[in-house]
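In my numbering, the protein residues as written are 120 to 1186.
1) Can you check whether the CB of residue 447 is closer than 8 Å to the CB of residue 250?
2) Alpha carbons only, please: which of 511, 750, 661, 156 is nearest the one belonging to residue 739?
3) Shortest alpha-carbon distance to residue 224 belongs to which of 795, 426, 371?
4) Do the CB positions of residue 946 and residue 925 come within less than 8 Å of each other?
5) Note the first and the last residue of the continuous alpha helix (DSSP H) segment covering residue 623.
6) Compute the Euclidean distance between the alpha carbons of residue 587 and residue 708, then round it to the nearest angstrom.
7) Excluding the 5 residues preceding and the 5 following residue 1181 in the sequence, name in chain order all residues of the same chain whose CB lies nearer than 6 Å to its CB.
8) Between which two residues does the alpha helix (DSSP H) carrying residue 503 extend?
9) Should residue 132 go down as buried or exposed, given a rule of 16 or more other Cβ atoms within 10 Å for buried?
10) Buried or exposed for residue 830, going by 16 or more other Cβ atoms inside 10 Å?
11) Shortest alpha-carbon distance to residue 1096 belongs to which of 341, 1162, 1183?
12) According to DSSP, simplified to helix, strand and coil, what is residue 255?
13) Reducing DSSP to helix, strand and coil, say where residue 432 ends up.
14) Tell me whether residue 954 sits in a helix, a strand or coil according to DSSP, three-state version.
15) Assign residue 563 to one of three DSSP states: helix, strand, or coil.
16) Under the three-state reduction of DSSP, which class applies to residue 568: helix, strand or coil?
17) Quick check on this structure: which residue in 1170, 1023, 909 has the alpha carbon closest to the alpha carbon of residue 1050?
18) By how many angstroms is the C-alpha of residue 762 removed from the C-alpha of residue 560?
19) Could you spell out where the alpha helix (DSSP H) holding residue 897 opens and where it closes?
20) Can you tell me the Cα-Cα spacing of residue 185 and residue 158, whole angstroms?
21) Under 8 Å by Cβ, that's how I've got residue 1041 and residue 982 pegged, so tell me the actual separation to the nearest angstrom.
22) Leaving out five residues before and five after residue 408 in sequence, what residues of the same chain have Cβ atoms less than 8 Å from its Cβ?
23) DSSP on residue 155, reduced to helix/strand/coil?
24) How many whole angstroms separate the CB atoms of residue 466 and residue 1033, which I take to be in contact at a CB cut-off of 8 Å?
25) Are the Cβ atoms of residue 910 and residue 927 separated by less than 8 Å?
26) Let me make sure I understand the geometry here. Which of 496, 964, 1069 has the alpha-carbon closest to that of residue 987?
27) Considering residue 706, what are the terminal residues of the alpha helix (DSSP H) in which it resides?
28) So what does DSSP say about residue 1110, is it helix, strand or coil?
29) Between which two residues does the beta strand (DSSP E) carrying residue 1026 extend?
30) Would DSSP call residue 724 helix, strand or coil?
31) Quick check on residue 1178: buried or exposed, where buried means 16 or more other Cβ atoms within 10 Å of its Cβ?
32) If we cut at 8 Å on Cβ distances, does residue 1026 have a partner in chain B?
33) Terminal residues of the continuous beta strand (DSSP E) containing residue 1045?
34) In chain order, what residues of the same chain have a beta carbon less than 7 Å from the beta carbon of residue 230, not counting five sequence neighbours either side?
35) Do the CB positions of residue 785 and residue 568 come within less than 8 Å of each other?
36) DSSP puts residue 803 in a beta bridge; with which residues?
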């Protein structure tokens, strides 16, 4: 290890799995002390990690790695990875993630555990050893640790190598200036890292330090323990003292009721009622997060209210602790974000590799030519290694971030905040945008259009009722009670909180929420305006996006009768209702309102035979929501936002695919899509349906005619033709489908058909959060760069996986998306795309500029090496620190092309660096650079007064004070210094994504000043500057004029070449 001078140790630090392979042998798990982890992400990214295996001998007879009733293994092997513990399962012969009581536990088991109280102290001790403390321990690195970590970064190691080389080569001034800037950069990054760690720790900090533990139910004993000592299996007591605080763990509610705010998870600051599990001893269903979400209190959610309904105290069983909790998962997603599939970044690494290969050729050339001329080996090695530091520019990573930083600042000025700056460049290549409907394309608030009741006798629809105060609903008492009781509204501190749709519906009835005492068994009570009727909700089945409905069991105090009231999507309520209660014109009336863009909810009910509390408590959801009697429709109006249509039009003009993905009714979604321009007026909309039994695909032409079953594509020949992509594009056909069709398409696994549906899909209705995420992932698989725009809970999954997730919510849902707009306008999508395009073009231009600068300097040094000269210390300092740094800094200040200047171009900028257009543009510029440098030297050597540089006469090899200044040095320095300015102007054009370069005042001023100063140095600097730069300025003015003329010709030819290259790339 030490024979390599520490180089091998450094390589092992960067690539620890290499050290493991070199120093360890493969063996069985029980003999191993280290494990090699291969982490793959979407089969595109692979990383390697080495972790130490911990071995523990357990002294108890119960298993702390799973449920409390399972035996321990004799030995426990485990390791930690990304804040999670993995334990070895002997029977399966593999490591598995350490689980709490959320795995393989039945509801019956959890209920028994809640009644028996917390586990024994001996077992608690054993479990603490396995699960560790219940805390989200976040990195808090010391100054020394951060300093060492930063200094061992490959970039700074290369800087250190370059510094030593420059010192040995006599470039003292340049070396110490670069050292100072590197130190400042290290300190700045350390401060930023410490600030990020501090902010994250403040985010996860808990206001409570202790919690009450239900230690023995039979003895009614409780004791207070620190929160960090909680373990799965503990039974905690929730009381009014916890109101306003966050849940310290994931827990299953055993007794009582809680109201929580889950905005930390969903992004919607709405109260959610959590109820205890029914007291059914025969409930042997396995616990599931989604299935039993209404009984689960999640870590990080805020407790708003605690009610000990029908019990002495509210208790819950701890399921998960630490980083295994829901909040822990969220924090881990921040600490370990998934790698961005960013082609430009991958290509940049490959291009740096190409530059390194060029450097190797330069090193070989230097060795061969200089050794052939008899130059001492020491100087040959220094000169050769100098080329490496020239070709691979140390400032490249810093320069690449300039465009993102500028774009981030401009987005923040528009109240759009970005938590992942790398996503800004990704947003520049967006060619598909998915929109949620409600609250995104339409206004977040609903207004009641009215109620369409069903006649009790004839089972026919009556005219719509727009005002409940007219008493037209008196004959439909159950419809009114259903609207007044079937909701999730709660009263906290005198305010009614809940879903906006529920609030509008309840307000329409005129009924009032009645404040019930904690001793009462009802969830909520409602009372009619005249107080003649009072209804108590005794059980609630919360709304589930997968089921598309919610229901309640309500009890009337005047008759002591119980009824089930259910509301949800019209399709689902229709399937749950008795056919003889459904009007014959059900589909016609439904289509009338949905095709007009209204949102429609259906309501149904049924009486319960038994009113006993025990029977009600044990009623299953499937039993309650069956054989219902249809009551009518509730119609809501949800207007488009004022700017929606114009934004969609601009996206369409830019040839960006626009998709609506919503949980709403298909007809309503199609109407909104047509009104806002997602479905254009000249498009033909075809609905897709799939028979679940035969898997036959049916296409229905969606038209505004009365016939709803009109089929234009009925034969097999037509079916195969319509699934042809070219046919779809030619006939301007777009698809509309629902979740059920989507599920069937995924199940059939017809990849060609699925891909054509996705490519031409415009409206995806009745989509659940999981299916929204699936759609985004499928679009990505088709090489779309996808942006997802949403405003809340149902969009979080899609926001996370999209290339550019844009949240219109200002709550904690910003964690789910890299972009968060503080406004509710979708115009922010245009801003993100425009700034992203400008940032991407800036990064491209800066990368090409930094590569061209390196290759230009590489060529200059090689030309000077041929005469045993070089650029001097101050010349290097002037070029790198003043010319390159200032131009690169102002390079990114050019603003994005805005709407007033020009509409967005129909083609996004390429995110591929290694393509023909980029290589042609860079190659042609480098050819011009080489030609003009060689031509200038040729003209110099043809001058009568020219005397070639003789290194021996100048004693440049033996005395450190000797100068490398000569006519050749002067010529190459002047020409190359002007070429750096020329290249910066050429590569900063950025049309058609950025404004013209002359609008960037700072960049133009710096270019003019640097050019003027270089011209001054070329024409006749004063003696002090000439000595400092070690310039040998010829007295012949004609030659000076010739050099400047060559630079001017280079400038105009370079502009023409770049323009021609850009035109070729667009055609």
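By construction, the Cβ of each residue, glycine as well, lies at the ideal position given by its N, Cα and C atoms.
Looking at the atomic coordinates:
1) no
2) 661
3) 371
4) no
5) 619 to 628
6) 20 Å
7) none
8) 496 to 510
9) exposed
10) Because the pLDDT at residue 830 is just 38, under 50, the model does not fix this residue reliably, and the value given afterwards should be weighed accordingly. Exposed, since its Cβ has fewer than 16 Cβ neighbours within 10 Å.
11) 1162
12) coil
13) coil
14) helix
15) coil
16) strand
17) 1170
18) 9 Å
19) 888 to 900
20) Confidence at residue 185 is low in this model, with a pLDDT of 41, below 50, so its placement is unreliable and no value can be given for it.
21) Between residue 982 and residue 1041 the Cβ distance is about 20 Å, and since that is not below 8 Å, they are no contact.
22) 221, 415
23) strand
24) 5 Å
25) yes
26) 1069
27) 705 to 713
28) coil
29) No beta strand (DSSP E) holds residue 1026; DSSP gives it neither H nor E.
30) strand
31) exposed
32) Given the protein chain composition of this structure (a single chain), no chain B is represented.
33) Element bounds for residue 1045: not the beta strand (DSSP E) but the alpha helix (DSSP H), 1035 to 1060.
34) 373, 396
35) no
36) 852
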